[in-house]
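To start, the structure under review is shown below, and the notes come after it.
Residue numbers (this note's numbering): 114 to 415.
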């Protein structure tokens, strides 16, 4: 029995995943999973503020405590957009190196997208037809478009929900002016993606691999799945989107199925999903519980 662990240092959340592997047949069993909300970009992407730094260190202290109960044989730690961008990101990475004895690997966007693809295909059957995998992060959003499980397009864009919220949402509830500004920004930043989407002939399944899609799952099904997918019709998304869009934050916090930690960013997140849905004919939305962490574990097994 071998125990593998990985930590995904996201812009909004730090994720820990611990699995055990049976050597004879490489059977993988999840033994522990935890998410800590750190919101590194609370004060912007260029520098991590004092309070986010405290939250980040607290999350690492928590993970260190967990490792006393589940000591890993191998540990990999990945840092993404906030730690790629912030001028003082080394405060976080140096602290992790001291406390956990492993130096985080700060990866670029395409490497992040590759790991998301490797994780998603562990649970979503991509064998037949077109799929657009979309992982919404705080700092960046990764897109992987496949046809019959062959990657046709892969890229990372700096249009994460913290970027959209900090730069464009200036009122509560969000104003029409803010919405137009977001749409114009996305139209400019995602030209490469939208250009490719328009070349596809045939329906596409949108595969959502992020906390934003978990909110959709939670609202529609009353729970977030950890080991199975959910598939929704496009109009089911819009039924929720239209209800949430005009609400003030205090009302979103009362909306059934939306966790407190996701409420502030859910409007800009759903605007981002809406923008993508408007670019092509999507047949359905599949929510994947697997993404970067599971891709990293899969890679560790290779």
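Ideal Cβ placement from N, Cα and C applies to all residues, glycine included.
Compute the distance between the beta-carbons of residue 307 and residue 194, then report whether it is under 9 Å. No, they are not a contact pair.
In whole angstroms, what separates the C-alpha of residue 280 from that of residue 295? 9 Å
Between the stretch 175-182 and the stretch 204-223, are three or more C-beta pairs nearer than 8 Å? yes
So for residue 192, helix, strand or coil by DSSP? In the structure shown, residue 192 sits in a strand (DSSP, three-state: E or B).
For residue 414, count neighbouring C-beta atoms within 10 Å of its own C-beta (all shown protein chains included) and say buried if the count is 16 or more, exposed if not. exposed
Specify the secondary structure class of residue 182 as computed by DSSP and reduced to three states. helix
Which value, in whole angstroms, describes the spacing of the CA atoms of residue 143 and residue 189? 16 Å
Considering only the beta carbon of each residue, do residue 328 and residue 371 sit closer than 9 Å? yes
What first and last residue would you give for the beta strand (DSSP E) that runs through residue 321? 317-321
Distance between residue 315 and residue 126 (C-alpha atoms, nearest Å): 35 Å
Three or more beta-carbon pairs under 8 Å between the stretch 354-362 and the stretch 404-414, yes or no? No, the stretch 354-362 is not in contact with the stretch 404-414.
Quick one: give me the first and last residue of the beta strand (DSSP E) that residue 350 is part of. Taken as a continuous stretch (DSSP letters only), residue 350 belongs to no beta strand (DSSP E), being part of the alpha helix (DSSP H) at 347-357.
Of the listed residues 181, 172 and 185, nearest to residue 134 (C-alpha basis): Looking at the Cα atoms, 185 is the closest of the given residues.
Check each candidate in 343, 318, 290 and 269 and name the one with the smallest Cα separation from residue 262. Looking at the Cα atoms, 318 is the closest of the given residues.
CB of residue 408 within 9 Å of CB of residue 228, strictly: A contact, by the Cβ cut-off of 9 Å.
By Cβ distance, which residues of its chain are closer than 7 Å to residue 382, with the 5 residues on each side in sequence left out? Taking C-beta separations shorter than 7 Å and ignoring five residues to either side along the sequence, the partners of residue 382 in its chain run 249, 274 and 325, following chain order.
As an exercise, report each continuous beta strand (DSSP E) stretch of at least 3 residues that is fully enclosed by the stretch 323-409, in chain order. 343-345 and 395-400
Completely contained alpha helix (DSSP H) runs for the stretch 198-240, where each covers 4 or more residues: 203-213 and 222-233
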